[in-house]
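Asks:
There are 2 protein chains.
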Amino acid sequence: MRIAIDAMGGDHAPKSAVAGAIQAVKEYGVEVYLVGIKEEIHKHMSEEDKSNEKITIIEASETITNDDVPVAAIKQKKDSSMVVGLKQVKEGSCDAFLSAGSTGAFLAGSLLKVGRIKGIDRPALSPLIPTTKGLCMIIDAGANLDSKPKNLQQFAIMGSIYMEKVMGIHNPRVGLLNVGTEEGKGNELTKQSFELLSQLNINFVGNIEARDVAEGICDVCVCDGFAGNVLLKTTEGVAQVIIDLLKDIFMKNAVTKIAALMLKDGLKTFKKKFDYKEVGGAPFMGIDGIMIKAHGSSDEKAIKNAVRQAKLLYDNKCLDIIRQEISNAEVDTGEFTE
Amino acid sequence: MRIAIDAMGGDHAPKSAVAGAIQAVKEYGVEVYLVGIKEEIHKHMSEEDKSNEKITIIEASETITNDDVPVAAIKQKKDSSMVVGLKQVKEGSCDAFLSAGSTGAFLAGSLLKVGRIKGIDRPALSPLIPTTKGLCMIIDAGANLDSKPKNLQQFAIMGSIYMEKVMGIHNPRVGLLNVGTEEGKGNELTKQSFELLSQLNINFVGNIEARDVAEGICDVCVCDGFAGNVLLKTTEGVAQVIIDLLKDIFMKNAVTKIAALMLKDGLKTFKKKFDYKEVGGAPFMGIDGIMIKAHGSSDEKAIKNAVRQAKLLYDNKCLDIIRQEISNAEVDTGEFTE
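Taken in order, these protein sequences are the chains called A and B. Quick note, the first sequence lines up with residues 1 to 338 if you use our numbering. Quick note, the second sequence lines up with residues 1 to 338 if you use our numbering.
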């Protein structure tokens, strides 16, 4: 498998991207194509790495930052690592693209330069969040802010396939994010989506409440991008605040510091549970190519795990399965909105 | 001040409602009207309480439960504690109504039996959630699931008044829940609402992200009811999961139990921060009467604090201020949707 990696994207670029890529070559045997400024990339490679046949550098002179306006940046910065990387997938030179750069630009670029899977109306940003029973995919977490029922139906299909094929969950439980669990609850979107999800050949567990997501009530949480964004960011924010408060409690004085040491093992397990680096990245489901958005603050390990995700998507032919299932679902795709 | 209290609503009714009401009479000098089945209520009153002139029982033979369909229950159970309690406010015999019963029935009943403040199109369920910098009002948290920009404008006015007058926050910071902080971000609703909120005579701090709510980025978080419900319930769910995980860590063995004892003071403060009992209840803002929804699992203390909230709303003439500000804002109220 050949994967293009945006060497210039993310808070610790190019160091983390390069180191993670090299690690992934060693662990998974993939071929990596590091896209960016060659001399910057070379700084983080050993002589051995430079002569490794599985590591190639693709020159790109520009960089898109979080301050750039996404669509404009994709159109104007034609020689950016983001655009050049996306082109590799479009042209078939690579099988996947990975970036820790601007989410907005990555999404806009994926749509403009690679395009959607035939039959998919809207791609979705699909991060995985930790729950007490494993990871849960939030689909969509913000790619679309005014979704239609058929979009949610497609999200359900794609999320179910991902969790089954990539995460190895048999018959993943797909829930519809709503304000209550009873059928008939919700806004116009969720009421209509409930009907459409019920018709699918997936393990639809019905409406779920945001309260129960962290408990692990489902493996796939289907929602419109606005609600999914709120769910994702509230989860991050609340966890961070509690962890900060705990740190204060532990660091208060000599006695509490000793107590923290006594709890060390448990706290380590706890921390690992909420560690995004273990998760890897958020796939853009519905793009006609494997796209993985790694967290902006990704370190080497996070990048390596994101490559692993891309490889699982590739090895399990997930995009082919999605194409097949979308055509089976006979979802009305007459209304294109690009 | 005269407050009607639904003695039959909530998980611990009538015990908590009665005990909390009696406590509130002693602490705040309010007159309470306990609505429900007299002999059930009497079981939790001393002889002294029974002869207390500030405690009156209003007989109501029926009870609305969480299993009842809200609107149907309000229409059919005419002699329920909920309906009889609401009537006290409508008829002017009481200045406020408090219930720990079904949220849906309370909201439906408030609308049907008491009605809205003139000029308010949609009332909002407005709970207060703990943040690192004090409490934040989420308005709306689920009363309306398909809101319009003018609804959000009215929520902003009401939330600002509440936090200023009831919570004593000078010039409360009002944020608009969105997927990013930049102006122009969001879905159609938030884009249009941003404009309307900017025109108000409040301390509008612009778009805020769900991630920053727990950090205390604003005192009032304006949102449509669906997003607010997701925010509220995710906060509850994530906090609960983390607290459960910590309990497991602390209770693992003898060493960890000792460590927990060493951290006792800090953990107590921490627990208090996330204790809904300290908060009281969630007001229904926009109803033409003071309505406080207490948490279903409210104990005596929570009920007492909810009475205190009602009293502050009353003493500070919040409804009059809202009437004035709504007419000042000249919000278009042509489109009634009841």
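The beta-carbon is built from N, C-alpha and C at its ideal position, and this holds for glycine as well.
Determine the DSSP secondary structure at G10 of chain B, reduced to helix, strand or coil.
Replies: Coil.
Asks: Within 8 angstroms of any Cβ in chain A, is that where the Cβ of E40 of chain B sits?
Replies: Output row for E40 of chain B: interface = no.
Asks: Using the C-alpha atoms, what's the distance from Q154 of chain A back to P350 of chain B?
Replies: No answer is possible for residue 350 of chain B: the residues shown for chain B start at 1 and end at 338.
Asks: Below 7 angstroms between beta carbons is the criterion; list the residues of the segment 208-232 of chain B that meet it against any residue of chain A, in chain order.
Replies: Cβ contacts with chain A come from E209, A210, R211, D212, V213, A214, E215, F226, A227, N229, V230, L231.
Asks: Using a cut-off of 9 angstroms between C-beta atoms, extract the partners of I258 of chain A located in chain B.
Replies: What I258 of chain A touches in chain B: A259, M262.
Asks: On the three-state DSSP scale, how would you describe P283 of chain A?
Replies: Residue state, collapsed to three classes: strand.
Asks: Applying a beta-carbon distance threshold of less than 7 angstroms, which residues of chain B neighbour A254 of chain A?
Replies: Under the 7 angstroms cutoff, chain B gives no residues; its nearest Cβ is about 10 angstroms from A254 of chain A.
Asks: Counting only beta-carbon separations shorter than 8 angstroms, does I138 of chain B have a partner in chain A?
Replies: Chain A contact via Cβ: absent.
Asks: Rounded to a whole number of angstroms, what is the C-alpha to C-alpha distance between T333 of chain A and K15 of chain B?
Replies: At T333 of chain A, the pLDDT of 43 sits below 50, so the modelled position is not reliable and the matter cannot be decided from this model.
Asks: Do L176 of chain A and V222 of chain A have their CB atoms nearer than 8 angstroms?
Replies: Yes, the Cβ-Cβ distance between L176 of chain A and V222 of chain A is below 8 angstroms.
Asks: What is the DSSP secondary structure of K304 of chain B, reduced to helix, strand or coil?
Replies: Looking at K304 of chain B - three-state DSSP - the assignment turns out to be helix.
Asks: Kindly indicate the opening and closing residues of the alpha helix (DSSP H) around R323 of chain B.
Replies: Element bounds for R323 of chain B: 318-329.
Asks: Count the other C-beta atoms from every protein chain shown that fall within 10 angstroms of the C-beta of G186 of chain A, then say buried if there are 16 or more, exposed otherwise.
Replies: By the neighbour-count rule (16 or more Cβ atoms within 10 Å), G186 of chain A is buried.
Asks: Specify, as a first and last residue, the run of the alpha helix (DSSP H) that I139 of chain B falls within.
Replies: Where I139 of chain B is concerned, there is no enclosing alpha helix (DSSP H), although the beta strand (DSSP E) it sits in stretches over 134-139.
Asks: For the putative contact between T181 of chain A and T234 of chain B, defined by C-beta atoms under 8 angstroms, what is the C-beta separation to the nearest angstrom?
Replies: No, T181 of chain A and T234 of chain B are not in contact; Cβ-Cβ is about 15 angstroms, not under 8 angstroms.
Asks: Is DSSP giving G206 of chain A helix, strand or coil here?
Replies: Reduced to three states, the DSSP call for G206 of chain A is strand.
Asks: With a threshold of 8 angstroms between beta-carbons, can N187 of chain B be considered close to chain A, or not?
Replies: True, the Cβ-Cβ gap to chain A drops below 8 angstroms.
Asks: Report the option in A:V84, A:D68, A:Y28, A:I74 whose CA atom is closest to the CA atom of I37 of chain A.
Replies: Comparing Cα positions, the closest option is A:V84.
Asks: Where do the ends of the alpha helix (DSSP H) carrying G36 of chain A lie?
Replies: Counting along the chain, G36 of chain A falls outside any alpha helix (DSSP H), though it belongs to the beta strand (DSSP E) covering 31-36.
Asks: Give the C-beta separation of G101 of chain A and I64 of chain A to the nearest angstrom, bearing in mind that I take them to be a contact with Cβ-Cβ under 8 angstroms.
Replies: Confirmed, Cβ separation roughly 6 angstroms.
Asks: Evaluate contact between the segment 78-94 of chain B and the segment 250-266 of chain B, counting only Cβ atoms and requiring at least three cross-stretch pairs below 8 angstroms.
Replies: They do not touch, by the three-pair rule.
Asks: Taking 8 angstroms as the threshold, find out whether the segment 202-219 of chain A comes into contact with the segment 149-167 of chain A through three or more Cβ pairs.
Replies: Touching, per the Cβ criterion.
Asks: Alpha carbon to alpha carbon, how far is A294 of chain A from E385 of chain B? Give it in angstroms, no decimals.
Replies: No statement about residue 385 of chain B is possible, as the shown extent of chain B runs from 1 to 338 and does not include it.
Asks: Nearest CA to the CA of K273 of chain A: which residue from A:I292, A:E215, A:G289?
Replies: It is A:E215.
Asks: Taking 8 angstroms as the threshold, find out whether the segment 68-78 of chain A comes into contact with the segment 47-54 of chain A through three or more Cβ pairs.
Replies: The answer is no - the segment 47-54 of chain A does not touch the segment 68-78 of chain A, with fewer than three Cβ pairs under 8 angstroms.
Asks: Nearest CA to the CA of Q88 of chain A: which residue from A:I58, A:Q324, A:V307?
Replies: Taking only the C-alpha atoms, the option nearest Q88 of chain A is A:I58.
Asks: Go ahead and label K268 of chain B buried or exposed: buried means 16 or more other beta carbons lie within 10 angstroms of its beta carbon, across all protein chains shown.
Replies: Classification for K268 of chain B: exposed.
Asks: Can you tell me whether P70 of chain B is helix, strand or coil according to DSSP?
Replies: Three-state DSSP puts P70 of chain B in a helix.
Asks: Round the Cβ separation of A108 of chain B and P70 of chain B to the nearest angstrom and send it over; I've been treating them as touching at under 8 angstroms.
Replies: Sure, about 4 angstroms apart at Cβ, within 8 angstroms.
Asks: Using C-beta distances below 7 angstroms, list every residue in its chain close to S327 of chain B, excluding the 5 sequence neighbours before and after it, in chain order.
Replies: Result list for S327 of chain B: G119, in chain order.
Asks: Using a Cβ-Cβ cut-off of less than 7 angstroms, give me the residues of the segment 130-162 of chain A that come near chain B, in sequence order.
Replies: Per Cβ criterion, the list reads T132, G142, L145, D146.
Asks: Using the beta-carbon count (16 or more within 10 Å), is A254 of chain B buried or exposed?
Replies: By the 10 Å Cβ count, A254 of chain B comes out exposed.
Asks: Which stretch, first to last residue, makes up the beta strand (DSSP E) that contains S198 of chain B?
Replies: Not the beta strand (DSSP E): S198 of chain B falls in the alpha helix (DSSP H), residues 188-198.
Asks: For M163 of chain A, which of helix, strand or coil comes out of DSSP?
Replies: Helix, per DSSP.
Asks: Taking only beta-carbon positions, decide if I74 of chain A is within less than 8 angstroms of chain B.
Replies: No, its Cβ sits nowhere closer than 8 angstroms to a Cβ of chain B.
Asks: Which residue marks the beginning of the beta strand (DSSP E) containing I243 of chain B, and which one marks its end?
Replies: Note, I243 of chain B: premise wrong, no beta strand (DSSP E); alpha helix (DSSP H) at 225-250.
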